[in-house]
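Chain order of the listed sequences is A and B.
Those letters in the first sequence? Residues -9 to 314, by my numbering.
Those letters in the second sequence? Residues -9 to 314, by my numbering.
The beta-carbon is built from N, C-alpha and C at its ideal position, and this holds for glycine as well.
Heads up, the thing below is written out as structure tokens.
2 protein chains.
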Amino acid sequence: MINFEKAQKIVNSEIPALTLKREPTELYDPVKYILSIGGKRIRPAMVLMACSLFSNQVSHAVRCALAVEVFHNFTLLHDDIMDNSELRRNKPTVHEKWNRNVAILSGDVMSILSYSLIGECPREYLAKVLELFTDTALKVCEGQQFDMNFETSNNISIGDYLKMITLKTAVLMAASLKLGAILGGARPADSYLMYEFGKNIGIAFQLRDDILDAYGDTRKFGKKIGADIAANKKTYLILKAIETADEKSRKKLNTLISSKGGDIEGKIAEVIRIFDRLGIKEKAEAKSWEFYNAGIHALDQVSVNDSEKGALRELARQLLERER
Amino acid sequence: MINFEKAQKIVNSEIPALTLKREPTELYDPVKYILSIGGKRIRPAMVLMACSLFSNQVSHAVRCALAVEVFHNFTLLHDDIMDNSELRRNKPTVHEKWNRNVAILSGDVMSILSYSLIGECPREYLAKVLELFTDTALKVCEGQQFDMNFETSNNISIGDYLKMITLKTAVLMAASLKLGAILGGARPADSYLMYEFGKNIGIAFQLRDDILDAYGDTRKFGKKIGADIAANKKTYLILKAIETADEKSRKKLNTLISSKGGDIEGKIAEVIRIFDRLGIKEKAEAKSWEFYNAGIHALDQVSVNDSEKGALRELARQLLERER
Chain A
-9 MINFEKAQKI VNSEIPALTL KREPTELYDP VKYILSIGGK RIRPAMVLMA CSLFSNQVSH
51 AVRCALAVEV FHNFTLLHDD IMDNSELRRN KPTVHEKWNR NVAILSGDVM SILSYSLIGE
111 CPREYLAKVL ELFTDTALKV CEGQQFDMNF ETSNNISIGD YLKMITLKTA VLMAASLKLG
171 AILGGARPAD SYLMYEFGKN IGIAFQLRDD ILDAYGDTRK FGKKIGADIA ANKKTYLILK
231 AIETADEKSR KKLNTLISSK GGDIEGKIAE VIRIFDRLGI KEKAEAKSWE FYNAGIHALD
291 QVSVNDSEKG ALRELARQLL ERER
Chain B
-9 MINFEKAQKI VNSEIPALTL KREPTELYDP VKYILSIGGK RIRPAMVLMA CSLFSNQVSH
51 AVRCALAVEV FHNFTLLHDD IMDNSELRRN KPTVHEKWNR NVAILSGDVM SILSYSLIGE
111 CPREYLAKVL ELFTDTALKV CEGQQFDMNF ETSNNISIGD YLKMITLKTA VLMAASLKLG
171 AILGGARPAD SYLMYEFGKN IGIAFQLRDD ILDAYGDTRK FGKKIGADIA ANKKTYLILK
231 AIETADEKSR KKLNTLISSK GGDIEGKIAE VIRIFDRLGI KEKAEAKSWE FYNAGIHALD
291 QVSVNDSEKG ALRELARQLL ERER
């Protein structure tokens, strides 16, 4: 099986050619920009790695892998407008560097571009691949809407939250692995297991993100610590703290996560103090490992020699132990 | 062949079920809204009518027809954000009725929904249909970008303008007719001719729109007269007037179409006075008929008994003689 670095290399080598020769440049320059400012290429690498688990050939899966990466970046581009984010991967977001209209339209064209890449997959797989990709894309949008709904709701359960991150984040990883499996000629049972592997790892990945927001090392994480807390995001940590806290702390938390403006640094510090007292970091880590283990359990069942699965196991572990 | 009214009826009967059972409602309510506030269903009707020109069955083309309608409404939804439009079909636009973020995300989900409908077309046609649909969708975005570029450019030729409306408006009509032809089992030569028919009719349709903006009857047109002039849009009429005018009128026109604010009603009246003096309405009508005739010429070549083509001829004529 090809490893993560090899898969990344394949993806990165193909990206510059994606928008070549198309015009107007005003439309495609932002597309080139967002695809060139980095990103770890986790999802397209998953497509290629999953394909190589079942097949010696991965070249026919490359366009599909790129489709996933282009789609993922489209969602980031539009999410950044909706969230008013100024930075993405430490660079100005598209709507900051150009303007809002450019960001809307360039995002639109990326969404379509991803389908143009899907259309290039081998005929015998096209119907299946298109259906999975589209179903996933709808779910990602639905997840984003639930996330926006949660901003103004004070009655979110941990179950609601897990459903939201499953849609917004996990299903695209799940679909990436299943797409690769399909293109590798895997049996339906194995494709299903690859999806379950990806979905659980995806949830664990997002929980890790929540943890890093409060407990990351700024230098490694590359984002400001406490941004979720400042934005009153209902992360797993917040919801778990509300669930675990006594009456007094719960009231305090609810006040803090509804407040706007004021002493942001003080607010972040106070929320983290409550987290510490309640052992929230450890609880979130345990939950994250729970999903990780469920994912690995699914991978274990895949009917391929266990020694072949090393690179995917390694990737899953990296995603969970990452510092950024 | 089925006629326009019959095709409209089929489309309208299928629209309510499109978003049934999907959630969250915050995401799908705006989709339902924009699909329910009217629209003439010209493009999906074209799919069905073209299909029925070659086949006795049109039921297998219905999902594809709906895909075109959903895609078209997605572009309207996002264009309205970009243009800051308050009204669409005399109703509040989605970003006015809800907000900008809702409009962005609901548009995104409509774009994907259109692909979900494309995915339901019969397997044997899927690759071809997907490629045509995607190629068309990219062109529509490119046309919209050219349109936005033109707003800040003072060096637009009539050729540039025709290229822009071909991309932004005409290719979707062209593709609708070709999609129908493909699904009707037409030969490649006939599918090509149907595309040419649609492209030329589409250009004529947009020229008619330009004419109605200046010379329509408010009560029939349902939009404010002179909106394009007020917004400094470089329509065919403006560009033709600049081309035809003497030095003095050209300077006047260039000043008028760069001005912002001030006496808008006076500006509209003055531009129309210049149009009248130069016979621009007649010139634009002649151009529009030129494209209409080119379209009909293509339809004439389609290898189907001429008596079968009546409904499409009738539709083309209606689009050109419309008052709204």
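Query	Result
Using a Cβ-Cβ distance cut-off of 8 Å, determine whether V161/A contacts chain B.	no
Of all the residues that make up the segment 13 to 30 of chain B, which are near chain A by a beta-carbon distance shorter than 8 Å?	E13, P14, E16, L17
Taking the straight line between their C-alpha atoms, what separation do you get for R240/A and I254/A?	19 Å
Could you give the uninterrupted runs of the alpha helix (DSSP H) lying entirely in the segment 52 to 85 of chain B, keeping only those of 4 residues or more?	52 to 73
Where A93/B and K81/A are concerned, what is the direct C-alpha to C-alpha distance, given to the nearest angstrom?	26 Å
When you compare the CB of A117/A with every CB in chain B, is at least one pair closer than 8 Å?	yes
If the criterion is Cβ atoms closer than 8 Å, does the pair L8/A and L56/A meet it?	yes
Mind listing the chain B neighbours of C131/A? Cutoff is C-beta to C-beta under 9 Å, in chain order.	L17, L95, S96, D98, V99, I102
Given a cut-off of 8 Å, decide if R79/A and E59/A are closer than it, judged by their beta-carbon atoms.	no
On the DSSP letters alone, give me the boundaries of the alpha helix (DSSP H) that I148/B sits inside.	148 to 155
Go through its chain and collect everything with a Cβ distance to R31/A's Cβ below 7 Å, but skip five positions before and after it.	Q(-2), V1, N2, E59
Any beta-carbon of chain B closer than 8 Å to the one on S147/A?	no
From L122/A to N144/A, what distance separates their C-alpha atoms?	33 Å
Does the beta carbon of T156/A come closer than 8 Å to any beta carbon on chain B?	no
Look at the alpha carbon of L243/B and the alpha carbon of N91/B, and state the distance between them as a whole number of angstroms.	38 Å
If you compare alpha carbons, which of E313/A, A171/A, Y282/A, D69/A is closest to I215/A?	E313/A
Whose C-beta lies closer than 6 Å to the C-beta of I219/A among residues of the same chain, with five residues either side of it excluded?	I258, V261
Output the residue ranges of the alpha helix (DSSP H) runs that lie fully inside the segment 4 to 45 of chain A and measure 4 residues or longer, sorted by chain position.	15 to 26, 32 to 44
Could you round the C-beta distance between C54/A and I5/A to whole angstroms and report it? I think they count as a contact, below 8 Å.	At roughly 14 Å, the Cβ-Cβ gap does not stay under 8 Å, so C54/A and I5/A are not in contact.
Using DSSP with H/G/I as helix, E/B as strand and the rest coil, what is A204/B?	helix
Report the residue ranges of all alpha helix (DSSP H) runs contained in full by the segment 122 to 190 of chain A; include only those spanning at least 4 residues, in chain order.	148 to 155, 161 to 173
Out of K223/A, A221/A, H50/A, which has the shortest C-alpha to C-alpha gap to L173/A?	H50/A
Evaluate R198/A with the Cβ neighbour count: other Cβ atoms within 10 Å of its Cβ, from every protein chain shown; 16 or more gives buried, anything less gives exposed.	buried
Please state whether DSSP places G109/A in a helix, a strand or coil.	coil
Residue range of the alpha helix (DSSP H) that K214/A falls in?	Run containing K214/A: none; DSSP gives neither H nor E here.
What does the alpha-carbon distance come out to for the pair F140/B and K271/A?	54 Å
Using C-beta distances below 6 Å, list every residue in its chain close to I201/A, excluding the 5 sequence neighbours before and after it, in chain order.	A274
For F281/B versus I193/B, is the C-beta spacing smaller than 8 Å?	yes
Which residue from K299/B, L162/B, Q308/B puts its Cα closest to that of I(-8)/B?	K299/B
Grab the span of the alpha helix (DSSP H) containing Q308/A for me, first residue to last.	300 to 311
Flag N2/B as yes if its beta-carbon sits less than 8 Å from any beta-carbon of chain A, otherwise no.	no
List, in order along the chain, the chain B residues whose C-beta lies closer than 7 Å to that of A127/A?	I102
Pull up the distance between the alpha-carbon of L95/B and that of H68/A, whole angstroms please.	8 Å
Find the nearest neighbour of L66/B within the set I232/B, L310/B, S101/B, judged by alpha-carbon distance.	S101/B
Return the chain-ordered list of same chain residues with a C-beta closer than 8 Å to the C-beta of L183/B, the five sequence neighbours on each side being excluded.	A288, L289, Q291, V292
Can you give me the Cβ contacts of T159/B inside the same chain, cut-off strictly under 6 Å, excluding the 5 residues immediately before and after it?	G192, Q196
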